[in-house]
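If you count the sequence shown from 1, you need to add 78 to reach the working numbering.
Backbone N, C-alpha and C define an ideal beta-carbon position, used for all residues, glycine too.
Small disclaimer: the values here were computed from a predicted structure and weren't measured.
Working notes, beginning with the structure itself.
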Amino acid sequence: MSETGKAAVFFDTGKDFEIREYPVPDPEPDAIVVRVTSAGICGSDLHVWRGDIRIAMMGPGPRILGHEMTGYVHKLGSNVTTDSQGQPLKEGDRIVYPYFFPCRRCYQCLRGEFAACQIKYPPPPISDNAPHFTGAYAEYFYMKTAAFVFKVPDDLPDEMVTPVNCALSEVIYGLQKAGLKMGDTLVIQGAGGLGINATAVASAMGAGMIIVIDGVPERLKLAKACGADEVIDLNEAKAPMDRTSKVMSLTGGRGADLVAEFVGLPAVIPEGIQMVRSGGTYLEVGNISLGQTVAIDPSQLVWGNKDIISVNMYDPWILPVALDFLSRNKDRFPLANVISHNFPLDKIDEAFQQAEWEGKQTAISRAVITP
Ligand SMILES: [Zn+2]
Ligand SMILES: [Zn+2]
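Following this line, the structure appears as structure tokens:
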């Protein structure tokens with residue numbers, strides 16, 4: 079009998095996953111079959127699970143969810159002999175890779191803007207046909223083209239590497255696109271997986287004062303350990319005005335050079351824009367749910383000469399930058415602690431229930447599935 083692997087399959091109805099077995103495919107010449115060792119539950123997975131963006135973004139299922147992951151080479155396609163930086167690649171090597179596949183044939187890809195390719199994601203729903211393994215919550219992941227794949231240095235534990243292909247790369251890409259410079263004051267809205275990684279990255283990029291806003295004490299503590307100079311606790315600064323005036327007083331009445339949104343709720347945008355200094359920038363990353371709106375006063379942008387930069391995903395060259403950042407800073411920032419909870423694949427329902435934060439506070443900064 080051929081080899082099979084487990085996958086947590088998600089249907090359009092309900093929130094429970096079903097564990098199914100599928101045959102492990104043989105890789106096509108340019109593909110890699112990955113044995114997934116760790117898969118994060120990212121905020122966007124919760125949006126899909128909750129139903130915010132299920133059909134609208136993903137199309138009808140069933141499908142294997144999950145995109146933030148790492149693993150090792152199970153089988154290499156015959157054309158794949160090295161990673162994207164020329165390091166020899168063999169079975170058993172730990173790797174990171176984008177969970178999306180820029181088509182390299184569209185207008186955006188032609189211009190090298192891989193993050194803006196509109197057909198790179200999501201994968202098609204599961205059918206009767208191989209390769210089945212198109213998401214992270216499974217024992218295997220089928221990397222249909224190994225165009226962008228990077229060997230993981232031995233000294234980095236899986237706990238640190240899991241967020242590399244989503245949270246960490248996205249925040250590096252976002253902060254770079256927003257033009258964060260040495261000495262800039264930065265406000266980070268939300269200290270989940272994205273916000274904590276952004277705090278550490280901004281520190282390493284030489285940011286000046288970093289102010290982090292969240293309502294969970296454990297997260298604020300971790301933010302401080304990852305380089306936050308000041309934290310604003312939502313339990314103390316309850317109204318938007320309390321938070322904006324705190325930012326103003328910390329920045330000499332000016333506002334911050336850069337304010338970055340990693341919460342995923344439209345309601346935080348108006349106060350975030352208010353916190354931006356005249357001539358500064360607002361970075362929008364967290365809001366991915368279609369159709370959710372918020373009223374803003376555009377004259378504030380115009381009179382304030384404020385920019386808004388939005389990013390989704392990243393260009394693949396960020397991945398080795400992220401790995402290098404981790405290798406250099408692994409003893410400086412306790413980023414492995416972003417992962418607060420760990421569940422086996424067959425406990426995935428429990429993992430999602432515990433990670434859910436909408437309408438409540440959760441101590442979970444990142445839960446991972448270890449298939
Ligand atoms: Zn993600
Ligand atoms: Zn494209």
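- Around the beta carbon of residue 426, 16 or more other beta carbons lie within 10 angstroms, which makes this residue buried.
- Between residue 227 and residue 162, the C-beta spacing is below 8 Å.
- The C-beta distance from residue 386 to residue 340 rounds to 15 Å, too long to meet the 8 Å contact threshold.
- Closest option to residue 269, judged by alpha-carbon separation, among 234, 255, 308, 319: 308.
- Annotation note: the stretch 205-277 contains the following uninterrupted alpha helix (DSSP H) runs of length 4 or greater, listed N- to C-terminal: 236-239, 245-255.
- Three or more pairs of CB atoms, one per stretch, sit closer than 8 Å, so the stretch 271-291 contacts the stretch 236-250.
- Judged by beta-carbon spacing, residue 346 lies beyond the 8 Å limit of residue 289, meaning their Cβ atoms are not closer than that value.
- Distance from the Cα of residue 435 is smallest, within the candidate group 216, 128, 81, for 128.
- With 6 Å as the limit, the residues whose C-beta approaches any heavy atom of ligand 1 more closely are 120, 122, 145, 146, 244, in sequence along the chain.
- Straight-line spacing of the CA atoms in residue 209 and residue 110 works out to 11 Å.
- Annotation for residue 128: the continuous alpha helix (DSSP H) segment containing it runs 121-128.
- At least one heavy atom of ligand 2 lies closer than 7 Å to the C-beta of residue 183.
- The stretch 399-409 makes no contact with the stretch 348-365, as fewer than three CB pairs between them are under 8 Å.
- Put simply, the backbone Cα of residue 294 is about 37 Å away from that of residue 171.
- Residue 149 and residue 138 have their C-alpha atoms roughly 27 Å apart.
- Here the stretch 206-223 makes contact with the stretch 111-122; the two share three or more CB pairs at distances below 8 Å.
- A buried status is given to residue 241, since no fewer than 16 other beta-carbon atoms sit within 10 Å of its beta-carbon.
- Contact between the stretch 168-182 and the stretch 228-240 is present, with at least three C-beta pairs closer than 8 Å.
- The three-state reading of DSSP puts residue 422 in strand, counting E and B together.
- For residue 148, the enclosing beta strand (DSSP E) covers residues 146-154.
- Residue burial is scored here from C-beta neighbours: residue 396 has at least 16 other C-beta atoms within 10 angstroms and is therefore classed as buried.
- If you check the C-beta of residue 432 against ligand 2, you find no heavy atom less than 7 Å away.
- Cβ contact annotation for residue 194 (same chain, cutoff 8 Å, sequence separation greater than five): 186, in chain order.
- Burial state of residue 284 is exposed, judged by a 10 Å Cβ sphere holding fewer than 16 other Cβ atoms.
- Residue 193 sits in a helix when the DSSP states are folded into three classes.
- For residue 343, there is no enclosing beta strand (DSSP E), as DSSP marks it with neither H nor E.
- It is roughly 20 Å from the alpha-carbon of residue 317 to the alpha-carbon of residue 371.
- Non-local C-beta neighbours of residue 300 in its own chain, meaning closer than 8 Å and more than five positions away in sequence, comprise 269, 274, 412, 415, 416, 443, ordered along the chain.
- DSSP places residue 95 within a strand segment (E or B) once states are collapsed to three.
- For residue 165, the CB stays at least 7 Å from every heavy atom of ligand 2.
- Residue environment analysis places residue 256 among the buried positions, since at least 16 neighbouring C-beta atoms fall within 10 angstroms of its C-beta.
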